[in-house]
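A.B. asks: Counting in the working numbering, the sequence shown tops out at residue 366, every number present.
Where is the CB? At the ideal position from N, CA and C, for every residue including glycine.
Treat the numbers as computed from the prediction; the structure is a model and nothing was measured.
Have a look at this one.
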Amino acid sequence: MFASLIGVAAASSQEAPLTLNPPAAPKPAAPRPVTPKPAQPAPAKPQPGAPTAPPAQHADAPADAALDTAYGAFQRGFYLTAFHQATRRASDAGDPVAMTLLGELYSAGLGIQQDYRKAADWYRLATARNEPIAAFQLGVLYLEGRGVAKDRGEAAKLFRRSADAGYAPAAYNLALLYIEGQAFPQDLAQAAHWFRVAAEKDLPEAQYGLAVFYKDGRGLAPDRAQAARWFARAAALDNVDAMIDYAIALFNGDGIDKDEEAAVRWFRKAALKGSAIAWNRYARLLLAGRGVAADRVQAARWHLMARSVGLSDPWLDQQITNLTPQERAKAEADARAWLKQPAASTLGQR
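Dropping the structure here:
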């Protein structure tokens, strides 16, 4: 398989491409929650364009001892203990944070039987007590019709309530609904506004969305410098989409000073995280020796990996034709070794 990708006619020109074009920006996906992982209070890694739904907890630790115990148990994966402690606090003190935790446990089925209806009940009680995370989580249930009748309008109201209270994932979801234009008429200016609200709270998906809006002039005036700035912020927070677009901006000097070496570093970082687009761009730079020492064997390796998940590049096919049998074997072996790793399940994602 790999050999056939290299054995093509030689190109008539060996000139490297002068620019790297950005990949087509993906359309934001419909908002959906991400199930929290045991003992990980940080949100799970979302798909491009998808909102984040972290476990129901605040940045600052609960002051109440029962809540301290409940959240400590939750973070360590002792979900039944968390359930009992949160139930006691919710019943005795009517605490909305404990109610939100109970909603999360029922929604995810952690330590107890999964029950979206009971999750919705607890989220509703907490929302009535002005808990923004509960309003967000209840909105997600309405959006997906879990435990409640599916209702995008009600979901939008709840996201707005949570976003007005400063909860970044709710602001991000609200932006997506304004782009989608089903819960209410499409309004890209409103989408840009809510992207900014979430972006300024360091939600990387929102920073990426805002950067794309600046780059394309959607919902606000185009500004390539602002696009590069927000791509950089999201990339620094490990958003792979942003790493790619920021690297392209650096390579082309688009809204930022041109820096090919920095571009290579970001492409490589995204490549190591499994992005097929980054594999392709990194292969091009390795072959051309732009921002990095030329290495046609490693260029072939990354190109073969991208080809294996359906990302073709006739230019690279034509360029990588002068490998010796030993070099070709090395490139193929390196590509196979990578593709056999457990992380291969993420291959092809941006």
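Report the start-end ranges of each alpha helix (DSSP H) in the segment 118-186 that is 4 residues or longer and not cut off at the edges.
C.D. replies: 132-144, 148-160, 168-180
A.B. asks: Tell me where the alpha helix (DSSP H) around residue 206 begins and ends.
C.D. replies: In the sequence shown, counting from the first residue as 1, residue 206 sits at position 190. Element bounds for residue 206: 204-215.
A.B. asks: Would a C-beta distance cut-off of 8 Å place residue 95 and residue 119 closer than the cut-off?
C.D. replies: Position 79 of the sequence shown, counted from the first residue, corresponds to residue 95. Position 103 of the sequence shown, counted from the first residue, corresponds to residue 119. Cβ atoms of residue 95 and residue 119: not closer than 8 Å.
A.B. asks: Hey, out of 296, 353, 308, 310, whose CA is closest to residue 326's CA?
C.D. replies: For this step, residue 326 is matched to residue 310 along the sequence shown. Considering only alpha carbons, the answer is 296.
A.B. asks: Please classify residue 312 as buried or exposed, where buried requires at least 16 neighbouring CB atoms within 10 angstroms.
C.D. replies: Position 296 of the sequence shown, counted from the start, is the residue given in the question as residue 312. Residue 312 is buried by the Cβ-count criterion.
A.B. asks: Measuring straight from C-alpha to C-alpha, what distance separates residue 93 and residue 232?
C.D. replies: Here residue 93 corresponds to residue number 77 of the sequence shown, with the count starting at 1. Here residue 232 corresponds to residue number 216 of the sequence shown, with the count starting at 1. Approximately 43 Å between the Cα atoms of the pair.
A.B. asks: Just checking my contact of residue 266 with residue 278 at CB under 8 Å: how many whole Å lie between their CB atoms?
C.D. replies: Numbered from 1 along the sequence shown, position 250 holds the residue referred to as residue 266. Numbered from 1 along the sequence shown, position 262 holds the residue referred to as residue 278. So it is a contact: roughly 5 Å between Cβ atoms.
A.B. asks: In this structure, how does DSSP classify residue 85 when only helix, strand and coil are distinguished?
C.D. replies: Taking the first residue of the sequence shown as 1, we reach residue 85 at position 69. Helix.
A.B. asks: Any idea if residue 220 is buried or exposed, counting beta-carbon neighbours within 10 angstroms, 16 or more meaning buried?
C.D. replies: Counted from its first residue, the sequence shown places residue 220 at position 204. Buried is the label assigned to residue 220, since at least 16 other Cβ atoms lie within 10 Å of its Cβ.
A.B. asks: Which class does residue 348 belong to by DSSP, given the choice of helix, strand or coil?
C.D. replies: Here residue 348 is taken as the residue at index 332 of the sequence shown, counted from 1. Correct three-state label for residue 348: helix.
A.B. asks: Along the alpha helix (DSSP H) that carries residue 296, what are the first and last residues, could you check?
C.D. replies: Here residue 296 corresponds to residue number 280 of the sequence shown, with the count starting at 1. Taken as a continuous stretch (DSSP letters only), the alpha helix (DSSP H) holding residue 296 covers 292-304.
A.B. asks: One question on the structure: do residue 151 and residue 178 come within less than 8 Å of each other, judged by their Cβ atoms?
C.D. replies: The residue labelled residue 151 in the question sits at position 135 within the sequence shown. The residue labelled residue 178 in the question sits at position 162 within the sequence shown. Contact: yes.
A.B. asks: Suppose you measure from the CA of residue 90 to the CA of residue 110; what does that come to, to the nearest Å?
C.D. replies: The residue you call residue 90 lines up with position 74 of the sequence shown. The residue you call residue 110 lines up with position 94 of the sequence shown. Looking at the two C-alpha atoms, the distance is approximately 19 Å.
A.B. asks: Spatial neighbours of residue 217 within its chain, please: CB distance less than 6 Å, with the 5 preceding and 5 following residues excluded, ordered by chain position.
C.D. replies: Along the sequence shown, read from residue 1 onward, the residue named residue 217 stands at position 201. Counting only Cβ-Cβ distances below 6 Å, and skipping sequence neighbours, we find 184.
A.B. asks: Between residue 429 and residue 101, what straight-line distance do the alpha-carbon atoms span, to the nearest angstrom?
C.D. replies: Nothing about residue 429 can be read from this structure; the chain reaches only from 17 to 366.
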